[in-house]
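The numbering of the sequence shown is the numbering used here, which starts it at 96 and goes up by one.
C-beta: ideal position from N, C-alpha, C; glycine also.
Keep in mind the model is a prediction, meaning the values are calculated, not measured.
A short worksheet on the structure shown next.
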Amino acid sequence: MDIQTRKLLPNESNAYREIRLECLKKYPNNFTSNYQEEKAKTKLFFQPFIEESNNNNFVIGAFHNSSLVGISGFKRHDNKKTEHRGLIIQVYVQPEYHGKHIGLLLIKSTLKEAFKINGIEQIEIDVIASNHNAESIYKKAGFEAYGIQKNFLKIENSYYDHKMMMIFKTSFNE
């Protein structure tokens, strides 16, 4: 299966919106955002960044036959004291493409692009602790866990812990 990854282009903002809403609807327990709240917004978090081709905040897309099948967002911290760090968020691969190593390809592509940014030294990623598949992918990409936040999400009467992971530029192997 031929999968291509690249930064989303300004005209792909709506394709991003569709797949982002899809992931929130299909996997509500794996993301902090809520489908109904996000759907009501005129623009989702990354849409303006995609539309302006922002270099510090972007989305990498995975494409199969020109269809967007996966996303991985990068957000650079914007405070002077933390701008050496960034965060990978909103990672998603459509279910029919699971098991084809697209998640790992997306993460590595995102890391490669993010570490090109002048001054980026470390990147964090978070995962709901019960999402073992995602955690396994992040470990394969080189991330190491550094902490757990208990009861990070509360959905109805269930709590979900949050595992925090990090990778340094010096340890990233493409």
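Asked	Found
Quick one: Cα of Glu132 to Cα of Arg115, how far?	12 angstroms
In chain order, what residues of the same chain have a beta carbon less than 7 angstroms from the beta carbon of Asn124, not counting five sequence neighbours either side?	Ile223, Ile250, Tyr255
So, under 8 angstroms CB-CB, Ser225 and Ile202 are touching, yes? Tell me the CB distance rounded to an integer number of Å.	The pair is not a contact, with the Cβ atoms about 19 angstroms apart (cut-off 8 angstroms).
Please determine if the segment 154 to 171 and the segment 180 to 197 are in contact, where contact requires at least 3 C-beta pairs separated by less than 8 angstroms.	yes
My output table needs one value for His257: the three-state DSSP class, helix, strand or coil.	strand
Would you please state the rounded distance, in angstroms, between the beta carbons of Val154 and Tyr111? I believe it to be under 8 angstroms.	6 angstroms
Answer with yes or no whether the minimum CB distance from Ile184 to chain E is below 9 angstroms.	Among the chains in the structure shown there is no chain E, since it carries only a single protein chain.
Rounded to the nearest angstrom, what separates Met96 and Lys235 at their Cα positions?	21 angstroms
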